[in-house]
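Undergrad: Basically my numbering = 1-based index in the sequence shown + 4. Backbone N, C-alpha and C define an ideal beta-carbon position, used for all residues, glycine too.
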Amino acid sequence: MTVAHNQLANAIRALSMDAVEAANSGHPGMPMGMADVATVLFTDYLKFDPAAPHWADRDRFVLSAGHGSMLIYSLLHLTGYARPTLDDLRNFRQIGSPCAGHPENFELAGVEATTGPLGSGFATAVGMAIAERHLNATFGDELVDHRTWVIAGDGCLMEGINHEAVGLAGHLKLGRLIVLWDDNRITIDGAVELSSSENVLGRYDASGWHTIACDGHDPADVRRAIDAALADERPSLIACRTVIGKGAPSKQGTSGVHGSPLGKAEIVATREVLGWSHEPFVIPDDVREAWLRAGKRGDAVRTAWEERLAASAQGAEFSRRMAGELPAGFSLKTYIDGLIANPQKVATRKASELALGAVNELLPETIGGSADLTGSNNTRTKTQQPLTADNYGGRYVYYGIREFGMSAAMNGMALHGGVIPYGGTFLVFSDYCRPAIRLAALQRTRSIFVMTHDSIGLGEDGPTHQPIEHVMSLRMIPNLDVYRPADIVETAECWELALQSGQTPSLLALTRQNLPQLRTEASENLSARGAYRLRAATAPRKVVLIATGSEVEIATQVAERLEAQGIGADVVSMPCWSRFDAQTAEYRAEVLPKDVMRVSIEAGTTMGWERYTGIAGLRFGVDSFGASAPYEVLYDHFGLTADKIVPQVVAALD
Ligand SMILES: Cc1ncc(C[n+]2csc(CCOP(=O)(O)OP(=O)(O)O)c2C)c(N)n1
Ligand SMILES: [Mg+2]
């Protein structure tokens, strides 16, 4: 028995308005407006299998307009995913339900990306499309042959990040990326024309996209547009003209239906208009069966794919990569042993390049890149070919000056799986990446941010380029490991840890200026503990000097001078706060004993170092903007030299 398109779409509308009503919060307008488009996509086009939600060759679907979360929750429920259940939907936005206010990738299979910050989902999807093409180039059509679909709203297209994402996708000719734009001409404040008079399709055309418009409430017209998008080799934007809150007689077409429950009377009237007489959360059998049939469309395709995977000579390697597992026995120990044997004085950005030389040989899944600072970030290694529209098999992306777009795309690559993305810019521009770094941490992706020029130590470029608050403020982001290695050995250790952290993104803060190798004896990966005693006091211990990165060298100089005066001083190198905080209380107390004065030295804000120095300790850093001068002059100017620090420590001990 066939069920009319309208009934399928109305099931989404009813679930959405009823769940928002039950929660007394949420956004009914977008799911009701896009119900027809989503029904066409999920019943006729999307390659997926609710019984095998992690099937590697499934199409990726990203609901970039994350406020419309009830759209994806309805679709996952109706097509037969194990979750969300009807109870989950009834508990939309309540504690314990996987149906969070905005879709979270870690809550539900089928939610490929966390969305809600407008524009981010779209930019993340660009990374998924890059990963798909790259893996296709590596493993062939028989294993990798899928698309990335996005539903985006006016907000997703207005955000600045959209400019970066569209430019990158157009340049890389990501023809398997198809964006369905909910062109409803409404945002929260009212009509789009209040704030925008942009020719959106013109902008996309100019960026190398295929564009087409359709009536988003006419399934045949939506199919026509999607078919045209499929036939075109460019990425596609389909402007789906819709009415927000479609079906709610007195509210549809207005911003009033964007983010508020419809209210009892309007819901009764909507049921009338839709011809949907069922109680809340009741789906009639014929509609339920029709939706479940749509969810089974992918079954045969998936089984055939599994057979190809099992028969493929590359099957095991492909599966390893998609599982996010490193090759058995992966370690940088051999490389680090070589460093111990042959100490070198290099900037940690250079040390990072050298470590990457080893990493990129050992791990075929890394994809590097930089936001137009390749030569400064030292992110490209000799064997890496550019990933381009003509060679998706390349392993280095020239992201252009698109820090946010790069970071979001990296998250998309990591979420897609099969690749490990890393990308660089100056640390000060982590501010431009920050929303994506935060989403990497929230989504638990292995994105590795390589941030060089990490302090006033970059010198002459001056205060606009000198990070002050950056390292500290990045440390505040939960589930982000911020590393600031002190020398070439720690840099390699931090790279090893970043690569081994499958569920935690990492950020490496690296110097422009050369640093001596402080670690000259073979050992386990000491950076893994976050902080460790680099040098123990010889005279009776009075001070523990805690430093990171380039200031560890200064701390050792301070310690030598103090020791010469008979004042025993430990030097603790602390490349990663979050890792240190995860150690046992005994270890932490051993490294940072309470009964000794503790002093921090870091060329950035001192705010926060009280955590380890206590109020009674001393904190040396930079609490103003920097200045433009050679870096040695700046270190003296800001008091970060042994000459300036030693007398203050001695005075404090008296
Ligand atoms: C970066 C960001 N800024 C602001 C918001 C708050 N917000 C959520 S939806 C929305 C309006 C979006 O308009 P549109 O995309 O057209 O959605 P529609 O009203 O059509 O559902 C805003 C401003 C957000 N979620 N993310
Ligand atoms: Mg809108």
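With DSSP as the reference, please indicate the residues paired to Asp187 in a beta bridge.
TA: Walking along the sequence shown from the start, residue 187 turns up at place 183. According to DSSP, which records beta bridges pairwise, Asp187 is partnered with Arg245.
Undergrad: DSSP state of Tyr2, grouped into three classes?
TA: In the structure as shown, the chain begins at 5 and stops at 658. Residue 2 is therefore absent and cannot be evaluated.
Undergrad: Scan the segment 220 to 268 and note each continuous beta strand (DSSP E) run of 3 residues or more that stays entirely inside, going in chain order.
TA: Listed in chain order, the complete beta strand (DSSP E) runs (minimum 3 residues) inside the segment 220 to 268 are 240 to 245.
Undergrad: Could you give the residue range of the beta strand (DSSP E) that holds Trp153?
TA: Taking the first residue of the sequence shown as 1, we reach residue 153 at position 149. It spans 152 to 156 - the beta strand (DSSP E) in which Trp153 sits, taken as one unbroken run.
Undergrad: Who are the Cβ neighbours of Tyr85 in its own chain at under 6 Å, not counting the five residues just before and after it?
TA: Counting from one through the sequence shown, the residue named residue 85 turns up at place 81. Once the five neighbours on either side are set aside, the close Cβ partners of Tyr85 are Pro54, Gly114.
Undergrad: Whose C-beta lies closer than 6 Å to the C-beta of His420 among residues of the same chain, with five residues either side of it excluded?
TA: As a working note, residue 420 is residue 416 in the sequence shown. For His420, where only same-chain residues beyond five positions count, the Cβ hits under 6 Å are Met132, Ala135.
Undergrad: Quick check: is any heavy atom of ligand 2 less than 7 Å from the C-beta of Thr191?
TA: One-based indexing of the sequence shown puts residue 191 at position 187. Because some heavy atom of ligand 2 lies under 7 Å away, the Cβ of Thr191 counts as near it: yes.
Undergrad: Is the distance from the Cβ of Asn483 to the Cβ of Thr456 below 8 Å?
TA: Along the sequence shown, read from residue 1 onward, the residue named residue 483 stands at position 479. Along the sequence shown, read from residue 1 onward, the residue named residue 456 stands at position 452. Taking 8 Å as the Cβ cut-off, Asn483 and Thr456 do not qualify as a contacting pair.
Undergrad: Of the residues Thr370, Gln256, Gly422, which one's Cα is nearest the Cα of Ala327?
TA: Residue mapping note: residue 327 aligns to position 323 of the sequence shown, counting from 1. Nearest C-alpha to Ala327: Gly422.
Undergrad: By alpha-carbon positions, which one of Pro439, Thr47, Leu657, Val261 ends up nearest to Gly249?
TA: Position 245 of the sequence shown holds residue 249. The candidate whose alpha carbon is nearest that of Gly249 is Val261.
Undergrad: Can you find a heavy atom of ligand 3 that lies under 7 Å from the Cβ of Cys160?
TA: Inclusion of ligand 3 in the displayed structure is not the case, the ligand content consisting of ligand 1 and ligand 2 alone.
Undergrad: Taking buried to mean at least 16 other C-beta atoms within 10 Å of its own C-beta, is His138 buried or exposed?
TA: Taking the first residue of the sequence shown as position 1, residue 138 is located at position 134. His138 is buried by the Cβ-count criterion.
Undergrad: For ligand 2, is there any heavy atom lying closer than 7 Å to the beta carbon of Asn166?
TA: For this step, residue 166 is matched to residue 162 along the sequence shown. Result no, Cβ not under 7 Å from ligand 2.
Undergrad: Decide if the segment 571 to 582 is in contact with the segment 544 to 563; the criterion is three or more beta carbon pairs, one per stretch, under 8 Å apart.
TA: Short answer: they touch.
Undergrad: Mind checking whether the beta-carbon of Asp435 lies closer than 7 Å to any heavy atom of ligand 1?
TA: Taking the first residue of the sequence shown as 1, we reach residue 435 at position 431. No, the Cβ of Asp435 stays beyond 7 Å of every heavy atom of ligand 1.
Undergrad: Locate the alpha helix (DSSP H) running through Leu514, then write down its first and last residues.
TA: Within the sequence shown, numbered from 1, the residue matching residue 514 stands at position 510. Note, Leu514: premise wrong, no alpha helix (DSSP H); beta strand (DSSP E) at 510 to 514.
Undergrad: Measure from the alpha carbon of Trp59 to the alpha carbon of each residue in Val305, Arg189, Gln587, then state which is nearest.
TA: Along the sequence shown, one-based indexing puts residue 59 at 55. Among Val305, Arg189, Gln587, the Cα nearest to that of Trp59 is on Val305.
Undergrad: In the DSSP assignment, what residue or residues form a beta bridge with Ala573?
TA: Along the sequence shown, one-based indexing puts residue 573 at 569. Partner(s): Val547.
Undergrad: With a threshold of 8 Å between beta carbons, is Gly397 in contact with chain C?
TA: As a matter of chain content, chain C is missing from the structure shown, which is built from one protein chain.
Undergrad: Is DSSP giving Cys218 helix, strand or coil here?
TA: Here residue 218 refers to the residue found at position 214 when the sequence shown is read from its first residue. Three-state DSSP puts Cys218 in a strand.
Undergrad: Sort Asp209, Ala607, Leu657, Phe629 by Cα distance to Tyr639 and report the nearest one.
TA: Your numbering for residue 639 matches position 635 in the sequence shown. Of Asp209, Ala607, Leu657, Phe629, the residue nearest in Cα terms is Ala607.
Undergrad: Check this for me: beta carbons of Ala413 and Leu172, under 8 Å apart or not?
TA: For this step, residue 413 is matched to residue 409 along the sequence shown. For this step, residue 172 is matched to residue 168 along the sequence shown. Yes; because the gap between Cβ atoms is below 8 Å, this pair is in contact.
Undergrad: So for Ile452, helix, strand or coil by DSSP?
TA: Here residue 452 refers to the residue found at position 448 when the sequence shown is read from its first residue. In the structure shown, Ile452 sits in a strand (DSSP, three-state: E or B).
Undergrad: Just checking Ile248 against ligand 2 - is the residue's beta carbon closer than 7 Å to any of the ligand's heavy atoms?
TA: Within the sequence shown, residue 248 is the residue found at index 244, counting from 1. Answer for Ile248: yes, Cβ within range of ligand 2.
Undergrad: Starting from Arg64, follow its DSSP beta bridges and name the residues at the other end.
TA: Reading the sequence shown from its first residue, position 60 is the one you call residue 64. Per DSSP, Thr152.
Undergrad: What three-state label does DSSP hand Arg399 in the structure shown?
TA: Start at 1 with the first residue of the sequence shown, and residue 399 comes out as number 395. Three-state DSSP puts Arg399 in coil, outside helix and strand.
Undergrad: Can you check whether the CB of Ile424 is closer than 8 Å to the CB of Thr370?
TA: Against the sequence shown, residue 370 aligns to sequence position 366. Against the sequence shown, residue 424 aligns to sequence position 420. A contact, by the Cβ cut-off of 8 Å.
Undergrad: I need the straight-line Cα distance from Ala104 to Leu478, nearest angstrom please.
TA: In the sequence shown, counting from the first residue as 1, residue 104 sits at position 100. In the sequence shown, counting from the first residue as 1, residue 478 sits at position 474. Whole-angstrom Cα-Cα distance: 25 Å.
Undergrad: Quick one: is Gln447 buried, meaning 16 or more other Cβ sit within 10 Å of its Cβ, or exposed?
TA: The sequence position of residue 447 within the sequence shown is 443, counting from 1. Under this definition Gln447 is a buried residue.
Undergrad: Determine the contact status of Ala646 and Val562, defining contact as a CB-CB distance below 8 Å.
TA: Position 642 of the sequence shown, counted from the first residue, corresponds to residue 646. Position 558 of the sequence shown, counted from the first residue, corresponds to residue 562. Yes, the Cβ-Cβ distance between Ala646 and Val562 is below 8 Å.
Undergrad: Kindly indicate the opening and closing residues of the beta strand (DSSP E) around Pro425.
TA: Here residue 425 corresponds to residue number 421 of the sequence shown, with the count starting at 1. Per DSSP, Pro425 belongs to the beta strand (DSSP E) from 424 to 430.
Undergrad: Distance, Cα to Cα, Gly409 vs Glu594?
TA: Counted from its first residue, the sequence shown places residue 409 at position 405. Counted from its first residue, the sequence shown places residue 594 at position 590. Between Gly409 and Glu594, the C-alpha separation is close to 43 Å.
Undergrad: Please name the residue in His175, Ala273, Asp491, Glu636 whose C-alpha comes closest to that of Gln521.
TA: Here residue 521 refers to the residue found at position 517 when the sequence shown is read from its first residue. The candidate whose alpha carbon is nearest that of Gln521 is Asp491.
Undergrad: From the DSSP output, which residues share a beta bridge with Val350?
TA: Start at 1 with the first residue of the sequence shown, and residue 350 comes out as number 346. Per DSSP, Leu519.
Undergrad: Assign Phe430 to buried or exposed, taking buried as 16 or more other Cβ atoms, counted over all protein chains shown, within 10 Å of its Cβ.
TA: As a working note, residue 430 is residue 426 in the sequence shown. Buried, because 16 or more other Cβ atoms sit within 10 Å of the Cβ of Phe430.
Undergrad: Name, in chain order, the residues that DSSP records as bridge partners for Phe624.
TA: As a position in the sequence shown, residue 624 is number 620, starting the count at 1. Looking at the DSSP assignment, Phe624 forms a beta bridge with Ile605.
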